[in-house]
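Under the working numbering, think of the first position of the sequence shown as 644, with each following residue one higher.
To start, the structure under review is shown below, and the notes come after it.
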Amino acid sequence: MLFDFEFYNPTKVFFGKNAMNNLGTELDKYGKNILLVYGKSAIKKIGLYDEVVKVLNDCNKNVVELGGIKPNPTYAQVMQGAELVRQHGIDLILAVGGGSVIDCAKAISVSAYCKQDAWQKYWVDFKPVDNKIVPVASILTMVGTGSEMNAGSVITNEETMIKEGRVFSPEVNPVFSILNPEFTYTVPKLQMVSGIYDIISHLCEQYFSGTDDCTSDYLLEAIMNSVIFSTRAALINPENYEARSNIMWSATVALNKITGVSKEHDWMVHGIEHQIGAYTDCPHGVGLAIVSIPYYRHIYKYGLPKFVRFAKNVWSVEGKGRTDEEVALEGIARLEAFIKEIGIPLSLRKIGATEDMLPKIANSIAPGGHYKRVECDEILQILRECY
Ligand code: NZQ
Ligand code: ZN
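Right under this line is the structure:
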């Protein structure tokens, strides 16, 4: 563990089939005015909306609702929520849904009492939060982002066509999160595999950096192996509790900071996807999967030992009689085959990108990387390779 680090995660997690039994006790710890934030229709269809409202009523809460949060939540919706928080003196924001709903709730939390333009302050200038934060809690229904146990908030500004992620300080983490894997049984297959690839990408983007022997890399490999195994089981039977619960906890752990300590990371795949998302509104994990393969083929030579290790420890590629380069490429090919196996289309065209968007997307992304710094012209090349 060569780099010093600080680890602090204040989210209390209730996990399992009976996790909802804790909702009332937790709600009792906060004031009366609750902003209930949710997506379009999923939580009503699965009966969770009625269940949550009943607990809120039993706790004598005043409930204000903000439904209809879009996948890839918008700054306009954040402003709508911020207004409701001020108007009703909200004491707790309860997010019920996937990453988009939870991210939007966090953005509302930091923006409601922000005196300046919150977009500029928090998602452009990356300033620390120095105004009142309204506590956020979550009930998770779609797995992938890890938003239930981190301080990340990814928001799309439709006016400037920028989708920007911001990791706030731990005060913005949900104060508690309820994780019942059964709530995820109804997630449509493309959304489910999108979330699964999001987990894999979070793990890879923490893994492909450094040359030292670091415990974090062993943890990352172990979770990758678990996700790959459980995904195959969950695709055969979406109501396989063992598999769905493994995937759910893997997602949480993959981005609650524990697996990334004492490491530098390479978040370029996310950086590129966010702008693809801004232009196409594609499911987040689908965009990540499309970009990953050409991106890793572009950089693997610069971090060869780690790509060889990935091939051997995650995909059981045999090294005997082959060059390191052949082994590394085989690892990337196995990742590509897995993405195809789980049914993610590997083409930007298939998710609605047009050729004229590619230079605009490339030029809106900040150059970066870890093993190799990738410039805008190289990003364009990568986008063309997966078009
Ligand atoms: O809108 P509703 O009706 O709720 O339907 C949603 C939505 O259409 C549906 N869904 C959710 N739970 C369901 C369900 N459908 C049936 N049954 C259920 N139980 O799933 C669709 C997608 O939901 P969304 O919340 O958008 O998905 P996800 O969790 O993948 O969140 C994606 C957003 O999170 C950001 C992404 O960029 C994207 O904006 N991220 C947030 C991060 C963080 N906070 O740390 C990190 C990630 O890397 C990511 O960038
Ligand atoms: Zn992600």
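Virtual Cβ for every residue (Gly too), placed ideally from N, Cα, C.
Note that the structure is predicted; figures quoted are calculated from it, not measured.
Let me check understanding here. Comparing Cα to Cα, which of Phe981, Val786 and Val777 lies closest to Pro831? By 1-based counting over the sequence shown, the position of residue 831 is 188. Considering only alpha carbons, the answer is Val786.
So which of Arg977, Gly964, Glu968 and Asn664 has the shortest CA-CA distance to Ser935? As a first step, residue 935 must be located in the sequence shown, where it is residue number 292. Selected option, being the one with the closest Cα: Arg977.
Local Cβ density within 10 Å of Leu735, reported as buried at 16 or more and exposed below that: Locating residue 735 in the sequence shown gives position 92, where the first residue counts as 1. With 16 or more Cβ atoms within 10 Å of its Cβ, Leu735 is classed as buried.
Once DSSP output is grouped into helix, strand and coil, what is the label at Arg965? Here the question's residue 965 lines up with position 322 in the sequence shown. Here Arg965 sits in coil by DSSP.
Suppose you measure from the CA of Cys847 to the CA of Leu863; what does that come to, to the nearest Å? Translated into positions along the sequence shown, residue 847 becomes position 204. Translated into positions along the sequence shown, residue 863 becomes position 220. Answer to the nearest angstrom: the Cα atoms are 8 Å apart.
Between the C-alpha atoms of Ile776 and Lys963, what's the straight-line distance to the nearest angstrom? Reading the sequence shown from its first residue, position 133 is the one you call residue 776. Reading the sequence shown from its first residue, position 320 is the one you call residue 963. Rounded to the nearest angstrom, the two C-alpha atoms are 56 Å apart.
Can at least three beta-carbon pairs, one atom from the region 991-1009 and one from the region 918-937, be found at a separation below 8 Å? yes
By Cβ distance below 7 Å, which residues in the same chain neighbour Gly789 in space, the five residues on each side in sequence not counted? Taking the first residue of the sequence shown as 1, we reach residue 789 at position 146. His845, Ala894, Thr895, Ala897, Leu898 and Asn899.
Do Val830 and the ligand NZQ come close, with the Cβ less than 6 Å from some heavy atom? Taking the first residue of the sequence shown as position 1, residue 830 is located at position 187. Indeed, a heavy atom of the ligand NZQ lies less than 6 Å from the Cβ.
Under 7 Å between C-beta atoms of Val721 and Ala748: Against the sequence shown, residue 721 aligns to sequence position 78. Against the sequence shown, residue 748 aligns to sequence position 105. Not a contact, by the Cβ cut-off of 7 Å.
Quickly, what does DSSP pair Leu678 with across the bridge? List them, please. Here residue 678 refers to the residue found at position 35 of the sequence shown. Per DSSP, Val707 and Ile736.
Got a sec: does the ligand NZQ put a non-hydrogen atom nearer than 6 Å to the Cβ of Ser752? Within the sequence shown, residue 752 is the residue found at index 109, counting from 1. No.
Delimiting residues of the beta strand (DSSP E) encompassing Leu727: By 1-based counting over the sequence shown, the position of residue 727 is 84. No beta strand (DSSP E) holds Leu727; the alpha helix (DSSP H) holding it covers Tyr718 to His731.
Through-space distance from Leu972 to Ala719, alpha-carbon basis: Walking along the sequence shown from the start, residue 719 turns up at place 76. Walking along the sequence shown from the start, residue 972 turns up at place 329. Rounded to whole angstroms, Ala719 to Leu972 spans 43 Å at the Cα level.
Rounded to whole angstroms, how far is the Cβ of Leu679 from the Cβ of Glu708, which I believe are closer than 8 Å? As a working mapping, residue 679 is identified with position 36 in the sequence shown. As a working mapping, residue 708 is identified with position 65 in the sequence shown. That pair is a contact at about 5 Å.
I'd like the list of long-range same chain contacts for Glu1018, defined as Cβ closer than 8 Å, with 5 residues on each side in sequence excluded. Taking the sequence shown and counting its residues from 1, the one referred to as residue 1018 is at position 375. Cβ neighbours of Glu1018 beyond the five flanking positions: Pro1010.
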